[in-house]
Amino acid sequence: MKTISRSKKIYLGVGAAMLGSLGTVAIFARAPFTDAQIAEQQQELLVVVNKGRDLWHGSLPSMSTNGLACGNCHPDAAASNPQTFPKWVPQLNAVAPMREMINWCIVHPQNGAALDVAGPDMVAMEAYAAYLYRGEKIAPGYTIPTPPIPVKSGVGYPFKPSGIGVDK
Amino acid sequence: MSESKDLTRRHFLGLAGQAGVASFAARAIGFNLGLVELIHAEATKGAVTPFSFAIITDSHLFSIPDHKFDRALEDAVAQVNALSPAPDFVVYTGDIAQNGREDQLVKGKGILAKLKVPLKVIPGEHDWYLDMGKTWNGLFGKETWSFDHKGVHLIGLNSILVKDFWTGAGMTPLQRMSTMEMLESPIAGPWGVREAQLEFLRKDVAKLSPSTAVVIFTHSPLWDYYPRWNFQTEDAPQIREILGKFDHVVSLHGHVHQTIYNKFANFSSAGALSTSWPWPYPPVVLDYPGSQMNQSDPANTKDGMGTQLVSLNGSSGGVVTYEPFANTLTPWLKDGVKV
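Each protein sequence line maps, in turn, to chains A and B.
Per the numbering used here, the first sequence starts with residue 1, numbered consecutively.
Per the numbering used here, the second sequence starts with residue 1001, numbered consecutively.
Structure follows, in structure tokens:
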């Protein structure tokens, strides 16, 4: 897998500098991303989405002690509804982001160890669900059961998965 | 409420203290109290002597000792044993095991052995693909069968057969099994009963008259519900064609882990609650949206699961009464689903 160098990732942010003595303002901005750069960034996202798919299907043993994986109840991330978070989560008795609900499911139905809410595994978990639900209207709050996102073929995103599912 | 309904209800509530309090208390909520009367009312219409049987399915037992799914199957067995009147037999429509392991299938057979009535079994993909049914066949016999009971012809088929995706890929049996375990796996391809069973079916029904009441059991539904999750059977059109001569066919299946009903041509089709976990409903517009159960509460380990009672009447149809462990059913479902 081709990786993006750190120097490429870090572009000059929007810069604004005051030329004080003259009282004038000049705006410095980075150049627009090239198509190649955007493609590389998208590929980086898909790497994380793919990791998330594997995590949803049991690639991290610490997430479960009873054999259940997220995908048991949520094939194609069905009924996860990332577009509805944050919302009131009855299990947590609070308005919570999706990552807290993910951890609730890991700890309770799966009887596993919660993920670091700010860690890369959780980012991957959210990325997989969010990617499959891309295009859905953001609608925080309770919704009546919403249908899953139709996935026509493959894994639901333009990436050849590896490992889980034995698709090599 | 009639006396018989009251008696039935009291019987169930009386059992609540004996085994699985949560199961039986919840069961009373969803119990179709009109069932007994329906059977009697329909008794004289046809050649079928009214009777009932129960369906248990999709227990997905793990090898882990004292797993919560073990207890769920035990609850299902206790629930069915408590039915009054007792069903004539039980049909298990696949997926006793989660990973196809012998210890899982043996554990399931041991729990199901506590049933007080005879048991017929068909396999699911989770039972099969570790050793291609060798252990399952050793424990449960042939996966393709038929028998007659009180005027009804009942058929069981193995609907989870896929084309060989493992030999060319050089997969181990464990890799083959794990590939089949994932519902949305893009690798295995569609399921079917395949030609040998189609031929069995042709011969099996050749001499039956069109007025014969027929009930067919498969793990997967015999209609294109949601192919991505194998909520379908590839050669279902051929099955429907072979059975097309009958006035009415009741098709009952597992795999979907949810209440679902459909009707097409001479078929009435109903899916079964699992004892393990509920699948979400796929993105499909249902012809009978009322057959969709309530969204299950993940905090309630009993919600969205249960067993079902099928009561066949004298006119070749019947009623599927879902018997949830918890309050899963909508009003549409609580009255039973005519099939």
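Think of the CB as a built atom: it goes at the ideal place given N, C-alpha and C, for glycine as much as any other residue.
Everything numeric in this text was worked out from a predicted model, so none of it was measured.
Which value, in whole angstroms, describes the spacing of the CA atoms of residue i and residue j?
i         : j         : result
B:Gly1156 : B:Ser1268 : 16 Å
A:Ala130  : B:Ile1239 : 40 Å
B:Pro1087 : B:Gly1254 : 19 Å
B:Pro1327 : B:Gln1292 : According to the sequence as given, residue 1327 of chain B is Asn; it is not Pro. The straight-line gap from Cα to Cα measures roughly 13 Å.
A:Thr146  : A:Ala77   : 12 Å
B:Glu1143 : B:Asn1137 : 7 Å
B:Ala1097 : B:Phe1231 : 19 Å
B:Asp1303 : A:Ile38   : 45 Å
B:Lys1107 : B:Leu1061 : 8 Å
B:Asp1287 : B:Asp1204 : 31 Å
A:Gly135  : A:Asp35   : 21 Å
A:Pro140  : A:Lys87   : 6 Å
B:Pro1085 : B:Ser1052 : 9 Å
A:Thr84   : A:Ile144  : 11 Å
B:Gly1314 : B:Val1249 : 14 Å
A:Gln80   : A:Phe159  : According to the sequence displayed, residue 80 of chain A carries Ser and not Gln. Approximately 21 Å between the Cα atoms of the pair.
A:Ser64   : A:Gly71   : 12 Å
B:Leu1333 : A:Ala113  : 38 Å
B:Ser1063 : B:Val1337 : 35 Å
A:Val48   : B:Thr1275 : 34 Å
B:Trp1128 : B:Arg1176 : 10 Å
B:His1067 : B:Thr1093 : 21 Å
A:Arg99   : A:Pro82   : 10 Å
A:Asp30   : A:Trp56   : According to the sequence as given, residue 30 of chain A is Arg; it is not Asp. So the alpha carbons of these two residues sit roughly 37 Å apart.
B:Gly1306 : B:Ile1056 : 8 Å
B:Ala1270 : B:Ile1111 : 25 Å
Comparing the C-beta of residue i with each C-beta of chain A, is any distance below 9 Å?
i         : result
B:Asp1095 : no
B:Arg1228 : yes
B:Lys1207 : no
B:Pro1331 : no
B:Ala1299 : yes
B:Lys1068 : yes
B:Ala1022 : Residue placement at B:Ala1022 is poorly supported in this model, since its pLDDT is 33, which falls under 50; the coordinates still yield a value, given next. It does not; no Cβ of chain A falls within 9 Å.
B:Trp1277 : yes
B:Asp1335 : no
Under 7 Å between beta-carbons, which chain B residues line up against residue i? List them in chain order, please.
i        : result
A:Ala79  : Pro1280
A:Asp76  : Glu1184
A:Pro109 : Pro1298
What in chain A is Cβ-close to residue i, meaning under 7 Å?
i         : result
B:Gln1098 : Gly67
B:Ile1064 : Asn66, Gly67
B:Lys1107 : Those do not exist, as B:Lys1107 stays about 13 Å from chain A at its closest Cβ, beyond 7 Å.
B:Gln1295 : Pro145
Shorter than 9 Å from the beta carbon of residue i to some beta carbon of chain B?
i        : result
A:Asn103 : no
A:Val48  : no
A:Ile144 : yes
A:Gln83  : no
A:Glu126 : no
A:Val154 : Residue identity differs from the one stated: residue 154 of chain A is Gly in this sequence, not Val. Taking Cβ atoms only, chain B reaches closer than 9 Å to A:Gly154, which makes this a yes.
A:Phe159 : no
Would you mind telling me which residues of chain B sit closer than 8 Å to residue i, beta carbon to beta carbon, in chain order?
i        : result
A:Gly71  : Met1182, Leu1183, Glu1184
A:Ile149 : Pro1283
A:Val95  : Chain B residues near A:Val95: none, gap ~17 Å exceeds 8 Å.
With the cut-off set at 9 Å, would you say residue i and residue j are in Cβ contact?
i         : j         : result
B:Pro1324 : B:Leu1273 : yes
B:Val1077 : B:Leu1115 : yes
B:Ile1187 : B:Ser1159 : no
A:Gln110  : A:Met101  : no
B:Pro1050 : B:Phe1089 : no
B:Gln1308 : B:Ala1054 : yes
A:His108  : B:Pro1298 : yes
B:Leu1105 : B:His1153 : no
B:Ala1072 : B:Thr1321 : no
B:Asp1095 : B:Gly1124 : yes
B:Pro983  : B:Phe1264 : Residue 983 of chain B lies beyond the residue range present for chain B, which begins at 1001 and ends at 1339; the question has no answer from this structure.
B:Thr1233 : B:Pro1221 : yes
A:Tyr133  : A:Ile149  : yes
Name, please, each residue of chain B whose Cβ falls closer than 9 Å to the Cβ of residue i.
i       : result
A:Gln91 : Asp1297, Pro1298, Ala1299
Report yes or no: do the region 1096-1103 of chain B and the region 1226-1233 of chain B share at least 3 C-beta pairs separated by less than 8 Å?
no
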